[in-house]
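For the protein sequence lines, the chains are L and F, in the order given.
Under this note's numbering, think of the first position of the first sequence as 28, with each following residue one higher.
Under this note's numbering, think of the first position of the second sequence as 6, with each following residue one higher.
All C-beta atoms, glycine included, are put in the ideal place defined by N, C-alpha and C.
Values in this document were obtained by computation on a predicted structure and should not be read as measured data.
This report concerns only the one structure given below.
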Amino acid sequence: MPTGYETNSLFLRPTVWHNKRRTVRLKSSTLPILLALPALAAAQNLEDFKKRVTEFTLANGLHFIILERHNAPVVSFHTYVNAGSVDDPKGKTGIAHMFEHMAFKGTETEGSTNWHAEKAALAQVETVYDAIEAEKNKGPKTDPEKLKALEAKLGEAIEKADSFVVPNLYDRIIESNGGVGMNAGTGEDSTDYFYNFPSNRVELWFYLESGRFLRPVYREFYKERDVVREERRMRVESDPQGKLIEALQAVAITAHPYRNGPGGWASDIENLRVADAEKFYKTYYVPANMTIAIVGDVNPAEMKRLAGKYFAALPKRPLPPPVVTVEPAQEGARRVEVISPAQPMEFIAYHRPDQYDPDDPVLDVLSSALSSGRTSLLYKDLVRDKKIALAAEADATFPGGKYPGLFLFILVPNAGHTLEECQTALDAVIQKVQDSKLDEAALARIKTKIRTGLIKQLDSNSGLAQLLTQYSAAYGDWKKLFTSLDEIDRVTPEDVQRVAKKYLRPENRTIGLTVQPKGDK
Amino acid sequence: MRLLITLLLAAITGFAQEGTAVRPATWKAIKFPPLKQIQIPKVEETTLPNGMKIYLLENHELPLVSGLALVRTGNLFDPKDKVGLASVTGNAMRAGGTTSKSGDEIDEQLENIAASVESRIGEGYGTISFSTLKNRQDEVLAVFHDVITQPAFRQDKLDLIKTQLKSGIARRNDDAKGIAQREFSDLLFGRDTPYGREVEYETLNNISRSDVVAFYERYYFPANIILAIQGDFDSTAMKSSLEKLFASWTGQKPPVPPFPKVANTPKPGVYFASKTDVTQTNFMIGSMGGLLNDKDYPALEVMADILGGGFRSRLFQKVRTQLGYAYDISADWGAGFDSPGLFEIAGSTKSKTTTEAIQAAEKEVRKIRTEMVSAEELETARQTVANSFVFNFDTPAKTLNRLVTYRFYGYPDNFIFDYQRAIEKVTQADILRVAKQYVDPDKLVIVAVGNAKEFGAPLSALGRPVTDLDISIPEPKAAAPANDAASLAKGEVLLARMLRALGGKDKLSAVQDAEWKQEMQVAPSAGGLKASQVVMWARPASYRQENVLPFGKIISYAGPDGGWLSTPQGVLPLQEMQKQQIDLEIFRNWFLLPGAAKPSSTKDQALTLSDGKLTVTYLLGKDGLPLQANYQLSGMEIEEKFSDWRETNGVQLPYKVSLTQNGKPYLEQTVQSVKLNGGLKAEELAKRP
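Printed below as a string of structure tokens:
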């Protein structure tokens, strides 16, 4: 089970694309030195949580989880949409991410000087764009003159529509009312929207959050499409690791949409339309497919009243279908190279089952044994003793957990050492895990660490809000957040050895590595 | 009474029919109740008899204790030729273990109980932190104490830290944004100042264990440390256990001097660093910032916020939302507690719109210093600060952090409240005035990192001088060859002596090809691999190496036409490091020594050969044969020791070679046989398996 946005790794990054990177403003309020935050909350057990959690579901299916935490007059909000880039239709990759960006464009009332006129102008943009597509669809018979004229017309139509826009008003309302940590992220499995307010602004959150999902507006769509395209240039095209992981996913996974990165392919993004976003919204932004957590200084009864007042208007719609494509078993090793002048880096991926499989907790223990902390097998062997790697890490669940995915390794050699050396050492460590059992002391340590790692995220309102929605949506019950730790506790050394043998097989493996360009010195 | 009514209302509304309440037409119709009073916790302060200042904050919500020691030190104190010393010291305090336990033992001990102790040194302060469950407090505090007072700086961990820092150097040009930030900062602070220096292979090589110990001893003493602890403890008990714990640590040192002043006059203009494997350009625009306690800081902060502080800022609206040029665009008025920060605009845009995006950002800079910001913009910025102010107090730890930070830098305890009041008072005229006074559009430093071939308009269209930046990573100067007449003359003598001992110029030059059969054993600490090797060479520069390894055969070839590596997984091109290795192989080839490179010598029997790019130093024995060779490979110090010299065709060759990397054993080669002039042809060596 991937645990959201938290990662201690230098190199393995979460596969989530955020709407905005910069969140720090007015610096004197964030000092440079932070105390290590509370790390472990053993007393924060399930029973304690149950007392403070209130859950309810609206008639339209929208589920709320309220957790009272009255330490300070602040509240964290997290909206979890159980749809992500894995649900992007063919030829429309990137649409989940694109919609996420549109969700910051405001509403009919927030962000327009004249919605009636703007609506008509936006419709005109689509009409002209339809005409352009119709002309392009003629293939060799396309009239370039006509196309040019239509494109000019599109520019004018967009300009007209933009003239009614009050730019970024939605964000401005949040920020000027003291909203902090505002952002959203699109991953393979989900799309998340989140921020924090002072507790006297709770109703404003209800107003704004329901507003953007009640009747989304698609203003400035085509300019935002450029921004989204730019985000891909940043995260993939101009980043050696981004390029490599994209290539790896596409080679390791042949049929299932997990083969596409969360940002989508460049040419797909460049052709996304408003109708695509609208269709995605109608199919997947169904109240019953969304979960909201509110954590902080709130009154649950009041939350229920406000939920009804603002979110009951979301129409009830059927749940979207899951992805039906099943990734076929891999029958032979695969390898992909990315030519890059950057220093060498390698990913190694093995197919694994989804997060609902009984082997899921065992795989978590295995990856923790391999790469969590300075006592892990890979750190001790490759980083500490052989000094051949700057980093050697494992991630049990990539790129998502809802469907069968990958157990991933990354190797980052030290200067003066090669990928081959690191690969040889990694193979030897894997062999060792397959040939012998973990000792009980190491296993106990790993279990403590996994527990700590998860509970570490429970010490902030925002971390709690995210986890509650994620576990509730993925497993049907937020309590799985705690019961999953019991499953981890039941893992035996025999289990770990068994899954290492079962999944970390050469023929189940895909290697992705960077290679130097020819003739480059 | 009022409380009761609220409760009743909540109860009644809780039963109300879902969705019957009406959504207001605008958010402005929503009434916000007053915000609950914030509880600011009380921090206990005390000073231990040894002079260490202690700040304690009880927080009984969770059974946890965490703490942080702040030390007045920093990499600003790195000697110029040992940049990286502070960083190595900070890491090694924890990683290198204590007098009672190795770093590895501490790793195991702490991870078993899910606790942590970490140490670091940054630019202007050092930290040692810990975090633990309450019931493990004594055990973890003991480790924390030992790390602060008795670090052992074991050599193996110093080596590990240096290796990792070197890898960081090797990788520093892989990230375009990182390049832009680094170059921008170095240009503004001055490359040859403590604020603008970079750690290099050379400066790391210059750092010895005794440097690390001396650095630690200079800065880590009780009166130079502030210790803050928060969590589930009783302050009186904590005070007495700290007193006991640190009772014997009493050493005093002269006070730490102030940090060097920032003194640099940056040369304005456009600076370009080429990076061809990207589709977008990262750019930075800016100039020097200031201090947090400058009287104009609040106005400058609001100015930068309006310019590029968030979704609602001008740069975001213009460059991202309206032009669609950038995903990432922001501005920041950098201010430090005791040294100035940087005023910077950072962004990235597709290669084609590089110049246009920079121009658009520049235009916004000019605008904010010619036109007053609107009342609405100012009001939004002020409300943002006022309404989010509560988040400075939402955890007790923030209050403790703040107090300790202010004490560390000598700021008043109520600085944050002064700041908030000052923000309230900022006027439109203030913003215009500070923008005019502090931001000079003609003196901006602009850094762009990208692929110039794909730029739409050239950077010269910005109308400022454009300077190309050299971002290549300097290789360490290995025993720099001397250039004076005496050293050169002595070099000639030593070279002649070595060539004679090897069999003479003529015998060496007569060798056209060679084949070595040898056994190779990698040191256990480096993997312990064992292999049988056949190395073949043909004039002038064709090499073939066949290795039989436990997991299969690896054949490599390098020649004038390039090279490859054949492995059980397939044939791969040679990597950069392997190419460098081949170049060094050719440079060190015994048969190519006559007349190949320039000799010099500054030391006794040390002969340095250099071709301007590669440098190898040989240490000659009494008989004139080299005892060892020293050179650099990818930032590593390599030393080869030669022994068991035997003669073939009148040429002396070593049958045993021991190699160390950075002073640690790496591999041993034992030659079984050598065949010279057996008729090997370059074409044959190049044949793929």
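Next item on the list: Measure from the C-beta of E66 (chain F) to each C-beta in chain L and report whether the shortest distance is under 8 Å.
Entry: For this step, residue 66 (chain F) is matched to residue 61 along the second sequence. Yes, because at least one Cβ of chain L sits closer than 8 Å to the Cβ of E66 (chain F).
Next item on the list: Kindly say whether T284 (chain F), judged by its beta-carbon, lies nearer than 8 Å to any beta-carbon of chain L.
Entry: The count along the second sequence starts at 1 and reaches residue 284 (chain F) at position 279. It does; some Cβ of chain L falls within 8 Å.
Next item on the list: Using 10 angstroms around the beta-carbon of T213 (chain L), count the other beta-carbons present and answer buried if the total reaches 16, otherwise exposed.
Entry: On the first sequence, residue 213 (chain L) is found 186 positions in, with the first residue counted as 1. Its Cβ being crowded by 16 or more others within 10 Å, T213 (chain L) is buried.
Next item on the list: Could you work out which residue in F:I643, F:A228, F:E349, F:Q633 is closest to R76 (chain F) when comparing CA atoms only?
Entry: Translated into the one-based positions of the second sequence, residue 76 (chain F) becomes position 71. Here residue 76 (chain F) is Val; the residue named in the question, Arg, does not match the sequence. Residue F:A228 is the option with its Cα nearest to V76 (chain F).
Next item on the list: Measure the alpha-carbon distance for A500 (chain L) versus I92 (chain L) and round it to whole angstroms.
Entry: Mapped onto the first sequence, residue 500 (chain L) falls at position 473. Mapped onto the first sequence, residue 92 (chain L) falls at position 65. Each residue's alpha carbon lies about 11 Å from the other.
Check: For F556 (chain F), is the classification buried or exposed, using 16 other Cβ atoms within 10 angstroms of its Cβ as the cut-off for buried?
Finding: Counting from one through the second sequence, the residue named residue 556 (chain F) turns up at place 551. F556 (chain F) comes out exposed.
Next item on the list: Grab me the residues of I184 (chain F)'s own chain with a C-beta within less than 8 Å of its C-beta, minus the 5 sequence neighbours each way, in chain order.
Entry: As a first step, residue 184 (chain F) is located in the second sequence; it is residue number 179 there, counting from the start. Cβ within range, chain order: R177, N178, A278, K280, N287, V454, I476.
Check: Around the C-beta of P199 (chain F), are 16 or more other C-beta atoms found within 10 angstroms, so that it is buried, or is it exposed?
Finding: Position 194 of the second sequence, counted from the start, is the residue given in the question as residue 199 (chain F). That one is buried.
Check: What residues in the region 267-283 of chain L have a beta carbon less than 7 Å from any beta carbon of chain F?
Finding: P267
Note to self: Taking only three categories from DSSP, how would you classify A453 (chain F)?
What the structure shows: By 1-based counting over the second sequence, the position of residue 453 (chain F) is 448. DSSP places A453 (chain F) in strand when its eight states are reduced to three.
Next item on the list: Please report the residue range of the beta strand (DSSP E) in which K36 (chain F) lies.
Entry: As a first step, residue 36 (chain F) is located in the second sequence; it is residue number 31 there, counting from the start. It is not in any beta strand (DSSP E) - K36 (chain F) carries neither H nor E in the DSSP assignment.
Next item on the list: Would you kindly work out how many angstroms separate the C-alpha atoms of A362 (chain F) and V324 (chain F), rounded to a whole number?
Entry: Here residue 362 (chain F) refers to the residue found at position 357 of the second sequence. Here residue 324 (chain F) refers to the residue found at position 319 of the second sequence. Approximately 7 Å, taken between the alpha carbons.
Next item on the list: Measure the alpha-carbon distance for L397 (chain L) versus A119 (chain F) and round it to whole angstroms.
Entry: Position 370 of the first sequence, counted from the first residue, corresponds to residue 397 (chain L). Position 114 of the second sequence, counted from the first residue, corresponds to residue 119 (chain F). The alpha-carbon atoms of L397 (chain L) and A119 (chain F) are separated by roughly 17 Å.
Next item on the list: Could you confirm whether any beta carbon from chain F is found closer than 8 Å to the beta carbon of R532 (chain L)?
Entry: Translated into the one-based positions of the first sequence, residue 532 (chain L) becomes position 505. Answer no: the Cβ-Cβ gap between R532 (chain L) and chain F never drops below 8 Å.
Next item on the list: With K403 (chain F) as the anchor, note down where its alpha helix (DSSP H) starts and where it stops.
Entry: Along the second sequence, one-based indexing puts residue 403 (chain F) at 398. Start and end: 401-414.
Checklist line | Among L:H97, L:A110, L:L390, the one whose alpha carbon lies nearest that of R79 (chain L) | finding: On the first sequence, residue 79 (chain L) is found 52 positions in, with the first residue counted as 1. If we check each option's Cα against that of R79 (chain L), L:H97 comes out closest.
Note to self: Here's a check: name, in chain order, each residue in its chain whose Cβ is nearer than 6 Å to the Cβ of S103 (chain L), leaving out the five neighbours to either side.
What the structure shows: On the first sequence, residue 103 (chain L) is found 76 positions in, with the first residue counted as 1. Cβ neighbours of S103 (chain L) beyond the five flanking positions: N223, V322, G323, N488, S489, A492.
Next item on the list: With distances taken Cα to Cα, identify the nearest neighbour of R362 (chain L) among L:V229, L:A147, L:A274.
Entry: By 1-based counting over the first sequence, the position of residue 362 (chain L) is 335. Taking only the C-alpha atoms, the option nearest R362 (chain L) is L:A274.
Notebook entry, point to check: Closer than 8 Å, CB to CB, is I200 (chain L) near chain F or not?
Noted result: Along the first sequence, read from residue 1 onward, the residue named residue 200 (chain L) stands at position 173. So, interface residue.
Next item on the list: Look up Y220 (chain L) in the DSSP assignment and say whether it is helix, strand or coil.
Entry: Translated into positions along the first sequence, residue 220 (chain L) becomes position 193. Three-state result, Y220 (chain L): strand.
Notebook entry, point to check: Which same chain residues, not among the five before or five after E95 (chain L), have their C-beta less than 6 Å away from its C-beta?
Noted result: Within the first sequence, residue 95 (chain L) is the residue found at index 68, counting from 1. Correct list, in chain order: R79.
Item checked: DSSP three-state assignment for R252 (chain L), whether helix, strand or coil -> Taking the first sequence and counting its residues from 1, the one referred to as residue 252 (chain L) is at position 225. It is helical.
Notebook entry, point to check: K357 (chain F) CB to nearest chain L CB: under 8 Å?
Noted result: The residue given as residue 357 (chain F) occupies position 352 in the second sequence. Chain L, which has no Cβ nearer than 8 Å to the Cβ of K357 (chain F), makes this no.
Note to self: Using a Cβ distance threshold of 8 Å, determine whether the region 107-115 of chain L contacts the region 283-303 of chain L, with at least three qualifying pairs required.
What the structure shows: yes
Next item on the list: Kindly indicate which three-state DSSP category A120 (chain F) falls into: helix, strand or coil?
Entry: As a position in the second sequence, residue 120 (chain F) is number 115, starting the count at 1. Note: A120 (chain F) maps to coil in three-state DSSP.
Notebook entry, point to check: Are L67 (chain F) and Q235 (chain F) closer than 8 Å when you measure CB to CB?
Noted result: Position 62 of the second sequence, counting from 1, holds the residue named residue 67 (chain F). Position 230 of the second sequence, counting from 1, holds the residue named residue 235 (chain F). In this structure, Q235 (chain F) does not lie closer than 8 Å to L67 (chain F) by Cβ.
Check: Leaving out five residues before and five after L174 (chain L) in sequence, what residues of the same chain have Cβ atoms less than 8 Å from its Cβ?
Finding: As a first step, residue 174 (chain L) must be located in the first sequence, where it is residue number 147. Hits under 8 Å: I159, E162, K163.
Notebook entry, point to check: Under the rule that 16 or more other beta-carbon atoms within 10 Å means buried, what is S190 (chain F), buried or exposed?
Noted result: Residue numbering aside, residue 190 (chain F) sits at position 185 when the second sequence is read from its first letter. Looking at its Cβ environment, which holds 16 or more other Cβ atoms inside 10 Å, S190 (chain F) is buried.
Check: How many angstroms separate the CA atom of K407 (chain L) from the CA atom of D516 (chain L)?
Finding: Stepping through the first sequence from its first residue, residue 407 (chain L) is reached at position 380. Stepping through the first sequence from its first residue, residue 516 (chain L) is reached at position 489. The alpha-carbon atoms of K407 (chain L) and D516 (chain L) are separated by roughly 24 Å.
Next item on the list: Assuming S395 (chain L) contacts I482 (chain L) (C-beta within less than 8 Å), just tell me the rounded distance between them.
Entry: As a working note, residue 395 (chain L) is residue 368 in the first sequence. As a working note, residue 482 (chain L) is residue 455 in the first sequence. Not confirmed; about 15 Å, so no contact.
Notebook entry, point to check: Along chain F, in chain order, which residues have C-beta atoms closer than 9 Å to that of T136 (chain L)?
Noted result: Residue numbering aside, residue 136 (chain L) sits at position 109 when the first sequence is read from its first letter. Ordered by position in chain F, the residues that pass the 9 Å Cβ test against T136 (chain L) are A30, T31, W32.
Item checked: C-alpha gap between N594 (chain F) and D518 (chain F), whole angstroms -> Within the second sequence, residue 594 (chain F) is the residue found at index 589, counting from 1. Within the second sequence, residue 518 (chain F) is the residue found at index 513, counting from 1. Approximately 11 Å between the Cα atoms of the pair.
Note to self: Below 8 Å on C-beta distance, what does R264 (chain L) contact in chain F?
What the structure shows: Start at 1 with the first residue of the first sequence, and residue 264 (chain L) comes out as number 237. One detail in the question is off: residue 264 (chain L) reads as Glu in this sequence, not Arg. Within 8 Å Cβ-Cβ: V283, T284, Q285.
Notebook entry, point to check: If you draw a straight line from the C-alpha of P533 (chain L) to the C-alpha of D216 (chain F), how long is it?
Noted result: Counting from 1 along the first sequence, the entry for residue 533 (chain L) is found at position 506. Counting from 1 along the second sequence, the entry for residue 216 (chain F) is found at position 211. Answer to the nearest angstrom: the Cα atoms are 47 Å apart.
Notebook entry, point to check: Since E113 (chain F) meets chain L, which of its residues come closer than 7 Å, beta carbon to beta carbon?
Noted result: Here residue 113 (chain F) refers to the residue found at position 108 of the second sequence. Simply T402.
Note to self: Assuming contact is defined by CB atoms lying nearer than 8 Å, are V261 (chain F) and T385 (chain F) in contact in what I supplied?
What the structure shows: Counting from one through the second sequence, the residue named residue 261 (chain F) turns up at place 256. Counting from one through the second sequence, the residue named residue 385 (chain F) turns up at place 380. Taking 8 Å as the Cβ cut-off, V261 (chain F) and T385 (chain F) do not qualify as a contacting pair.
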